[in-house]
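According to the working numbering, the stretch in the sequence shown is residues 230 to 406, in order. Ideal Cβ placement from N, Cα and C applies to all residues, glycine included. Encoded as structure tokens, the structure appears first; notes follow it.
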Amino acid sequence: MPLTKSRGIVVFNPIRMAEKKLEFSYEEFTHSSQLNTTDAALLTQAREITAQAYAPYSNFHVGAVALLENGELVVGTNQENASYPVGICAERVLLGSAATIHPNVPIVAMAISYNSKEVKSDHPISPCGMCRQALLEYETRTEKPIKIILSGQKGKVFIINTAFNLLPFAFTKKELK
Ligand code: THU
Numbered sequence: 230m231p232l233t234k235s236r237g238i239v240v241f242n243p244i245r246m247a248e249k250k251l252e253f254s255y256e257e258f259t260h261s262s263q264l265n266t267t268d269a270a271l272l273t274q275a276r277e278i279t280a281q282a283y284a285p286y287s288n289f290h291v292g293a294v295a296l297l298e299n300g301e302l303v304v305g306t307n308q309e310n311a312s313y314p315v316g317i318c319a320e321r322v323l324l325g326s327a328a329t330i331h332p333n334v335p336i337v338a339m340a341i342s343y344n345s346k347e348v349k350s351d352h353p354i355s356p357c358g359m360c361r362q363a364l365l366e367y368e369t370r371t372e373k374p375i376k377i378i379l380s381g382q383k384g385k386v387f388i389i390n391t392a393f394n395l396l397p398f399a400f401t402k403k404e405l406k
């Protein structure tokens with residue numbers, strides 16, 4: 230119960246706060262063989278494309294593959310830099326290419342995988358905050374949710390039906406004039 234202090238006397242604050250809750254559902258598979266054919270193929274390619282990453286500083290090789298609504302595939306890998314902040318994540322490399330090569334074509338699904346030289350690559354990782362913001366912008370501008378498929382080189386797979394779910398309280402263009 231919220232309290233306020235008035236002339237040294239503690240009184241109950243009549244203005245009550247409302248407790249709100251945000252939640253979302255996602256799918257978890259124990260193995261990629263349980264995915265539908267399209268999702269499984271995207272994930273296989275995301276796992277393979279990690280080989281194209283340039284990640285000599287983190288040794289954390291990320292690969293992303295997207296299926297566009299026009300049937301085309303677009304890929305991305307993380308590209309690091311000796312000046313660390315200059316490096317760019319696989320997801321944003323992909324989004325930039327997709328928007329440039331296939332303007333205004335929605336992305337139906339994106340698989341993201343990784344291969345680390347330092348740690349086991351046996352569980353899903355999820356996009357960083359900056360990539361979540363970029364994914365959400367892409368969804369908004371193409372007015373289509375992106376199905377996100379997450380997995381390491383093996384093991385569990387998570388499927389999240391829209392990037393919107395990854396970024397609660399997102400800052401969006403609605404706030405700008
Ligand atoms: N990275 C990605 O490319 N995508 C992610 O979802 C997580 C992190 C990259 C950035 C950096 O090159 C390396 O992984 C380690 O953070």
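What span of residues does the beta strand (DSSP E) with Ile336 cover, start to end?
By one-based count along the sequence shown, residue 336 stands at place 107. Where Ile336 is concerned, the enclosing beta strand (DSSP E) stretches over Ile336 to Ser345.
Beta-carbon separation (whole angstroms), Val174 vs Phe253, contact threshold 8 Å
Residue 174 lies beyond the range of the chain shown here (230 to 406); nothing can be said about it.
Taking the alpha carbon of Ala340 as the point to measure from, which residue in Ala311, Pro356 and Thr329 has its own alpha carbon closest?
On the sequence shown, position 111 is the one that residue 340 refers to. That would be Pro356, whose Cα lies nearest to the Cα of Ala340.
Pick helix, strand or coil for Val322, following the three-state DSSP scheme.
What you label residue 322 is simply residue 93 of the sequence shown in a count that begins at 1. Note: Val322 maps to helix in three-state DSSP.
Could you check where the alpha helix (DSSP H) with Ile278 kicks off and where it finishes?
Translated into positions along the sequence shown, residue 278 becomes position 49. Element bounds for Ile278: Thr266 to Ile278.
How far does the beta strand (DSSP E) with Gly292 in it extend, from its first residue to its last?
Numbered from 1 along the sequence shown, position 63 holds the residue referred to as residue 292. Per DSSP, Gly292 belongs to the beta strand (DSSP E) from Phe289 to Leu297.
Have a look at Gly316, Ile378, Glu301 and Pro353 and flag the residue whose alpha-carbon is nearest the alpha-carbon of Pro335.
The residue you call residue 335 lines up with position 106 of the sequence shown. Here the closest residue by C-alpha is Glu301.
Other residues of its chain near Glu404: CB distance less than 6 Å, five sequence neighbours each side excluded
Translated into positions along the sequence shown, residue 404 becomes position 175. Correct list: empty, nothing qualifies.
Look up Ile378 in the DSSP assignment and give the residues it is bridged to.
By one-based count along the sequence shown, residue 378 stands at place 149. Answer is Ala340 and Ile388, bridged to Ile378.
Alpha carbon to alpha carbon, how far is Pro314 from Phe289?
The residue you call residue 314 lines up with position 85 of the sequence shown. The residue you call residue 289 lines up with position 60 of the sequence shown. Between Pro314 and Phe289, the C-alpha separation is close to 15 Å.
Quick one, which of Arg276, Glu298 and Leu272 has its alpha-carbon nearest Thr371's?
Working through the sequence shown from its first residue, we reach residue 371 at position 142. Answer by Cα proximity: Glu298.
The alpha helix (DSSP H) that contains Thr259, what's its start and end?
In the sequence shown, counting from the first residue as 1, residue 259 sits at position 30. Per DSSP, Thr259 belongs to no alpha helix (DSSP H) and is neither H nor E.
Anticipated Cβ contact below 8 Å, Ile375 with Leu364, distance rounded
The residue given as residue 375 occupies position 146 in the sequence shown. The residue given as residue 364 occupies position 135 in the sequence shown. Rounded, the Cβ-Cβ distance is 6 Å, consistent with contact.
Does the Cβ-Cβ distance between Gln274 and Gly292 come in under 9 Å?
Counting from one through the sequence shown, the residue named residue 274 turns up at place 45. Counting from one through the sequence shown, the residue named residue 292 turns up at place 63. Yes, the pair counts as a contact, with Cβ atoms nearer than the cut-off.
Examine the ligand THU and report whether any of its heavy atoms sits within less than 8 Å of the Cβ of Glu309.
Here residue 309 is taken as the residue at index 80 of the sequence shown, counted from 1. Yes, since a heavy atom of the ligand THU falls inside the 8 Å radius drawn around the Cβ of Glu309.
In DSSP terms, what Gln308 is bridged to:
Locating residue 308 in the sequence shown gives position 79, counting from the first residue. Gln308 has Tyr283 and Ile317 as its beta-bridge partners, per DSSP.
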